[in-house]
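In this text, residue positions in the sequence shown follow the working numbering: the first is 4, and each later residue adds one. Written out below as structure tokens is the structure these notes cover.
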Amino acid sequence: PPVYVQRYLAVKNILQDERWHGKIKKVVDFGCGEFGLFPYIKHIPGLQELMTIDIDREMLDYYCCRAAPLKADYLDNRQEPLTVHVFAGSIADKDPRLLGTDAVICIELIEHLYPDTLEAVPHTVFGFIQPLISIFTTPNLDFNVLFPNFTGFRHPDHKFEWSRVQFEDWATNITTRYPAYTVKFCGVGQGPKGTEEHGCCSQMAVFVKLSHYTPTPLIHLASHHQDLEVEECEET
Ligand code: SAM
4 PPVYVQRYLA VKNILQDERW HGKIKKVVDF GCGEFGLFPY IKHIPGLQEL MTIDIDREML
64 DYYCCRAAPL KADYLDNRQE PLTVHVFAGS IADKDPRLLG TDAVICIELI EHLYPDTLEA
124 VPHTVFGFIQ PLISIFTTPN LDFNVLFPNF TGFRHPDHKF EWSRVQFEDW ATNITTRYPA
184 YTVKFCGVGQ GPKGTEEHGC CSQMAVFVKL SHYTPTPLIH LASHHQDLEV EECEET
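Encoded structure:
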């Protein structure tokens with residue numbers, strides 16, 4: 004799939020991880036844009052509330068219909084109802100309605116922010132909201148050499164593009180200021196064979212609250228689940 008879809012799938016896979024089962028009830032998607040992430044995360048088990056926030060009010064007015072239920076949603080009933088809030092606003096705003104959020108998502112957002120707004124991001128996310136998990140993605144500058152005749156930035160609205168070292172520096176600096184969090188990095192969108200040294204097209208930082216951090220839970224859970232017997236449900 005294209006890289007933007009790989010980013011949505013990566014976020015979905017992380018939020019669906021066994022370790023969060025039933026814990027991700029409220030999600031905030033900052034810089035939601037055209038609601039691209041929405042269909043990928045709306046079926047995460049346990050999800051009850053989604054806040055989609057973007058500074059571009061016109062875009063929200065145009066695309067918010069994408070958050071409406073589809074016909075198929077009425078056939079496949081959810082366990083819990085999902086409430087979607089669409090807000091025009093900035094990630095710099097510490098709105099009390101953000102409180103109680105379990106996961107904060109910022110896909111390809113930070114590179115669009117002016118320095119004062121970028122400076123406010125950790126205050127809003129880690130100081131104010133304090134979610135269990137927060138996922139950021141941004142273009143990987145190291146990868147740009149692979150684009151033919153490339154100059155400048157990937158998008159005219161980008162205020163910067165960071166190398167892997169710069170992004171990791173920004174993120175680990177946040178964990179120094181907010182020691183309740185730990186961060187891990189990965190790449191999204193692999194280049195062709197032989198380009199591995201440049202990393203992936205996008206880079207991702209996953210912040211997890213230390214109180215909920217378990218370094219190697221998956222093998223254990225996977226074998227446990229294989230042992231479980233699946234009971235057949237009778238249709239009622
Ligand atoms: N996250 C979406 C995705 O991956 O499909 C869209 C990413 S788009 C490249 C960046 C978005 O960030 C734009 O929709 C823009 O309007 C929004 N944005 C820019 N500054 C913002 C701010 N201060 N607070 C919230 N959103 C902002």
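Glycine is no exception: its CB is placed at the ideal position from the N, C-alpha and C atoms. The structure presented is a predicted model; accordingly, all values stated were derived computationally and were not measured.
- It is roughly 23 Å from the alpha-carbon of VAL211 to the alpha-carbon of GLY202.
- Per DSSP, ALA91 lies in no alpha helix (DSSP H); the unbroken beta strand (DSSP E) holding it starts and ends at 86-91.
- Sequence-distant Cβ neighbours of HIS88 in its own chain, meaning closer than 6 Å and more than five residues away, are MET54.
- Residue ranges of uninterrupted beta strand (DSSP E) with 3 or more members, entirely inside the segment 36-124 and ordered along the chain, are 52-57, 86-91 and 106-110.
- The closest heavy atom of the ligand SAM lies 6 Å or more from the beta carbon of LEU12.
- In this model, PRO151 and ASP145 are separated by some 14 Å (Cα to Cα).
- Here the alpha carbon of THR141 sits roughly 5 Å from the alpha carbon of GLU111.
- Shown here, ILE138 sits in a strand according to DSSP, grouped into three states.
- Note on geometry: alpha-carbon atoms of PRO99 and PHE131 lie some 9 Å from one another.
- Taken atom to atom, the span from the alpha-carbon of VAL191 to that of ASN143 is near 9 Å.
- The beta carbon of ILE58 sits closer than 6 Å to the beta carbons of SER93 from its chain, once the five residues preceding and following it are set aside; these are given in chain order.
- Assigned with DSSP and collapsed to three states, GLY192 falls in coil, not helix or strand.
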